[in-house]
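Chemist: Line order of the protein sequences matches chains S and U.
Numbers 1 to 293, taken from the working numbering, label the letters of the first sequence in order.
Numbers 294 to 586, taken from the working numbering, label the letters of the second sequence in order.
Yeah, the Cβ is synthetic: ideal placement off N, Cα and C, and Gly gets one too.
Computed from a prediction, not measured in an experiment: that's the story for all the values here.
2 protein chains.
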Amino acid sequence: MNFKTEISLYKRQIDTALRDCLGQTEDFPETLRMSIEYSLFSGGKRLRPVLFMSAFEGLFGRDPKEGLPYACALEMIHTYSLIHDDLPAMDNDDYRRGKLTSHKVFGEAAAILTGDALLNMAYEVMLENAFKYPDDLATHLKAIKLIAHASGLKGMISGQMADIELIWKTSAEETLEYIHKKKTAALIEVSLSAAAALAKASEDEFKALSSFGNLIGLAFQVIDDVLDFKAEDEVVECGQGCAKLTYPIVYGLEGSKNKAQDYINKAISDLDLFGNKALFLKSLAQYLAKRQE
Amino acid sequence: MNFKTEISLYKRQIDTALRDCLGQTEDFPETLRMSIEYSLFSGGKRLRPVLFMSAFEGLFGRDPKEGLPYACALEMIHTYSLIHDDLPAMDNDDYRRGKLTSHKVFGEAAAILTGDALLNMAYEVMLENAFKYPDDLATHLKAIKLIAHASGLKGMISGQMADIELIWKTSAEETLEYIHKKKTAALIEVSLSAAAALAKASEDEFKALSSFGNLIGLAFQVIDDVLDFKAEDEVVECGQGCAKLTYPIVYGLEGSKNKAQDYINKAISDLDLFGNKALFLKSLAQYLAKRQE
Numbered sequence: 001m002n003f004k005t006e007i008s009l010y011k012r013q014i015d016t017a018l019r020d021c022l023g024q025t026e027d028f029p030e031t032l033r034m035s036i037e038y039s040l041f042s043g044g045k046r047l048r049p050v051l052f053m054s055a056f057e058g059l060f061g062r063d064p065k066e067g068l069p070y071a072c073a074l075e076m077i078h079t080y081s082l083i084h085d086d087l088p089a090m091d092n093d094d095y096r097r098g099k100l101t102s103h104k105v106f107g108e109a110a111a112i113l114t115g116d117a118l119l120n121m122a123y124e125v126m127l128e129n130a131f132k133y134p135d136d137l138a139t140h141l142k143a144i145k146l147i148a149h150a151s152g153l154k155g156m157i158s159g160q161m162a163d164i165e166l167i168w169k170t171s172a173e174e175t176l177e178y179i180h181k182k183k184t185a186a187l188i189e190v191s192l193s194a195a196a197a198l199a200k201a202s203e204d205e206f207k208a209l210s211s212f213g214n215l216i217g218l219a220f221q222v223i224d225d226v227l228d229f230k231a232e233d234e235v236v237e238c239g240q241g242c243a244k245l246t247y248p249i250v251y252g253l254e255g256s257k258n259k260a261q262d263y264i265n266k267a268i269s270d271l272d273l274f275g276n277k278a279l280f281l282k283s284l285a286q287y288l289a290k291r292q293e
Numbered sequence: 294m295n296f297k298t299e300i301s302l303y304k305r306q307i308d309t310a311l312r313d314c315l316g317q318t319e320d321f322p323e324t325l326r327m328s329i330e331y332s333l334f335s336g337g338k339r340l341r342p343v344l345f346m347s348a349f350e351g352l353f354g355r356d357p358k359e360g361l362p363y364a365c366a367l368e369m370i371h372t373y374s375l376i377h378d379d380l381p382a383m384d385n386d387d388y389r390r391g392k393l394t395s396h397k398v399f400g401e402a403a404a405i406l407t408g409d410a411l412l413n414m415a416y417e418v419m420l421e422n423a424f425k426y427p428d429d430l431a432t433h434l435k436a437i438k439l440i441a442h443a444s445g446l447k448g449m450i451s452g453q454m455a456d457i458e459l460i461w462k463t464s465a466e467e468t469l470e471y472i473h474k475k476k477t478a479a480l481i482e483v484s485l486s487a488a489a490a491l492a493k494a495s496e497d498e499f500k501a502l503s504s505f506g507n508l509i510g511l512a513f514q515v516i517d518d519v520l521d522f523k524a525e526d527e528v529v530e531c532g533q534g535c536a537k538l539t540y541p542i543v544y545g546l547e548g549s550k551n552k553a554q555d556y557i558n559k560a561i562s563d564l565d566l567f568g569n570k571a572l573f574l575k576s577l578a579q580y581l582a583k584r585q586e
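1. Which of the three DSSP states, helix, strand or coil, is assigned to Y426 (chain U)?
2. Taking 7 angstroms as the CB-CB cut-off, is P29 (chain S) touching chain U?
3. Checking contacts by CB at 7 angstroms: is S102 (chain S) closer than that to chain U?
4. If contacts are defined as beta-carbon pairs under 8 angstroms, then L412 (chain U) and D116 (chain S) qualify, I think. What distance do you get, rounded to the angstrom?
5. Using only the alpha-carbon positions, how far apart do K462 (chain U) and K552 (chain U) sit?
6. Let me see if you follow: with CB-CB separation under 7 angstroms, is H78 (chain S) close to chain U or not?
7. If you measure beta-carbon to beta-carbon, which residues of the region 66 to 95 of chain S are closer than 7 angstroms to chain U?
8. Pick helix, strand or coil for L491 (chain U), following the three-state DSSP scheme.
9. Please report the distance separating the alpha-carbon of A247 (chain U) from that of M90 (chain S).
10. Less than 7 angstroms between the beta carbons of L209 (chain S) and A219 (chain S), yes or no?
11. Below 7 angstroms on C-beta distance, what does Y416 (chain U) contact in chain S?
12. Report yes if the CB atom of I164 (chain S) is closer than 7 angstroms to the CB atom of H377 (chain U), and no otherwise.
13. Taking DSSP as the reference, what is the three-state secondary structure of K500 (chain U)?
14. Residues of chain S with CB under 8 angstroms from L239 (chain U), in chain order?
15. Using the beta-carbon count (16 or more within 10 Å), is N214 (chain S) buried or exposed?
16. For K392 (chain U), which beta-bridge partners are listed by DSSP?
17. Report back the beta-carbon spacing between L18 (chain S) and E75 (chain S) to the nearest angstrom; my notes put them in contact at under 8 angstroms.
18. Quick one, which residues of the region 159 to 192 of chain S are near chain U if we go by CB-CB under 8 angstroms, in chain order?
19. Closest to G155 (chain S) by CA distance: which of S:E177, S:K183, S:T139 and S:T175 is it?
20. Can you tell me whether I561 (chain U) is helix, strand or coil according to DSSP?
21. Are P49 (chain S) and E57 (chain S) touching if we call contact CB-CB under 7 angstroms?
22. Anything in chain U within Cβ reach of N120 (chain S), meaning under 7 angstroms, just list it in chain order.
23. Would F229 (chain S) and L271 (chain S) qualify as a contact pair, given that the criterion is a beta-carbon distance under 7 angstroms?
24. If the criterion is Cβ atoms closer than 7 angstroms, does the pair F296 (chain U) and S576 (chain U) meet it?
25. Where does F573 (chain U) sit, in a helix, a strand or coil, going by DSSP?
26. Give the single residue among S:L51, S:R46 and S:K45 whose Cα lies nearest to the Cα of L299 (chain S).
27. Measure the Cβ-Cβ separation of A487 (chain U) and A436 (chain U) and say whether it is below 7 angstroms.
28. Classify S301 (chain U) as buried or exposed, calling it buried when 16 or more other Cβ atoms lie within 10 Å of its own Cβ.
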């Protein structure tokens, strides 16, 4: 199967599972149903759930049914973080993926509650699923806990706060890495490490997938910054107190592209221990390096 | 031990446990640490954790250590919901319990993230604790799942949305009950039913505690409305489309006081099957009925 076919099969599987999750939840206010659907089905790349499924099913040969609720939960957590990040008090974005952001369509109050609901629903979906595997509860709990840590104060939320406040580390390079390791890479990393934990991977496999996830997460952010780069952003030196810190500002445009490729190359070599089974994940990493949007 | 001594012992135990939860979380942005502490230790009544502990320890004689993380999680979820409810886009409150609200002190972005962090941390704390009871994971998962459902689209979040939008049911009475059963009573109810589940209570005990929780939750809201009541709010008839719906508006001031007492009386009789062990919870219910703030 070629790479593009495989990725669209994963995406279709995940979309169906997400619709099922929503379908199972009965009676709740229509505005919330509409706003949750609007954001969950707004053309996201499904990167995190695809990573989870391609590790869980593709690398470890596990039953997709056991993993899909995790894939959904990861997309719910990612979506909640985008809805809250887009709010006027945060990044104040009117558009995302070419569509109006949640608060522009449903109002700020509904957008805040929609984010809250998606974060909470992620846990509901994972916990509900765990009950179906009574002989393997400890493994499920471990996977859920990894996701919880990556999403919380040890991960994503601190990254967002550090980004907003531009909390300074010893250098611009370290500050950038601190922010994006937490803000972007933590959830991408856990999409792979939680799959490894759920599949009872060996310690070497777990470490390899965690490292791969962290590196493609960082590369993803570098490329985001490169794609967003405008000539007027270029600053020769940016020390503590600079208003905006991006990879092109710190490393230059060419330097950033090289850095992203370095991350991707290192990430790909991390997967060598999986042999041919890792071909899809390696292609996905290359695909991320070359993305134009 | 008299009632006031007992309640302050529970509160002290819960405050210590909450401080421990925060202490265990290392390196994260200082603003988040300050804002989380500010809201978690702002003079809350600790109603939900006290209910949980007095059921788990007091009624069922279980080891408080096993229950305290749940008590903390319930307070974290309650606190996150207050921080988000107070935001300008929601109720736009500058003060809570006589202190400036989170967004007035730390800014809106930090307040949104603080709420998100507290909700997520509630799950982290409960999951972390569950691992300490490897032979009883299913029971722990059940308790966590009950709390997740009460906090999500089946409970609190839908209640808040229904309140904001004043989603109309067949009558003013039913609308009020729908909103507050979800917005206020769901988390109070689960503070008792999760304790029952964790203590492996019988079905009758579980039902009795759930009903007690739901009823004191509703009474709590009626009394809130009574205490907030101003003469100019009085409306003889309030049908679909009225801007504000409170118990005194629908039932009158005296009618509301009677309604609260009816709920409390019914709640208290629900606990008869526990005999003398339920004296503290019964006193607590009476205390709620008489509260002046």
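Modeler: The structure says:
1. Of the three classes helix, strand and coil, the one that applies to Y426 (chain U) here is coil, per DSSP.
2. Yes, contact with chain U.
3. Using a CB distance cut-off of 7 angstroms, S102 (chain S) does not count as an interface residue toward chain U.
4. Going by Cβ atoms, the distance from L412 (chain U) to D116 (chain S) rounds to 7 angstroms, so yes, they are a contact pair.
5. Approximately 20 angstroms between the Cα atoms of the pair.
6. With 7 angstroms as the cut-off, H78 (chain S) does not count as an interface residue toward chain U.
7. Against chain U - using a Cβ distance shorter than 7 angstroms - the residues of the region 66 to 95 of chain S are H84, L87, A89 and M90.
8. Helix, per DSSP.
9. In the structure as shown, chain U starts at 294 and stops at 586, and residue 247 (chain U) therefore has no counterpart that could be examined.
10. No. Outside cutoff.
11. Under the 7 angstroms cutoff, chain S gives Y123 and A148.
12. Against a cut-off of 7 angstroms, the Cβ pair of H377 (chain U) and I164 (chain S) comes out as no contact.
13. In the structure shown, K500 (chain U) falls within a helical segment according to DSSP collapsed to helix, strand and coil.
14. In the structure as shown, chain U starts at 294 and stops at 586, and residue 239 (chain U) therefore has no counterpart that could be examined.
15. Buried is the call here.
16. Under DSSP, K392 (chain U) shares a beta bridge with U:R389.
17. Yes, L18 (chain S) and E75 (chain S) are in contact; Cβ-Cβ is about 6 angstroms, under 8 angstroms.
18. Of all residues in the region 159 to 192 of chain S, Q160, M161, A162, I164, E165 and I167 have a Cβ within less than 8 angstroms of some Cβ in chain U.
19. Closest by alpha carbon: S:K183.
20. Secondary structure at I561 (chain U): helix, using DSSP grouped into helix, strand and coil.
21. Cβ distance not < 7 angstroms, so P49 (chain S) and E57 (chain S) don't count as in contact.
22. Under the 7 angstroms cutoff, chain U gives L412, A441, S444, G445 and I450.
23. Cβ distance not < 7 angstroms, so F229 (chain S) and L271 (chain S) don't count as in contact.
24. F296 (chain U) places its beta carbon less than 7 angstroms from that of S576 (chain U).
25. Looking at F573 (chain U) - three-state DSSP - the assignment turns out to be helix.
26. Because chain S here runs from 1 to 293, residue 299 (chain S) falls outside it and cannot be looked at.
27. For the pair A487 (chain U) and A436 (chain U), the CB atoms are nearer than the 7 angstroms cut-off.
28. It is exposed - the Cβ of S301 (chain U) has fewer than 16 other Cβ atoms within 10 Å.
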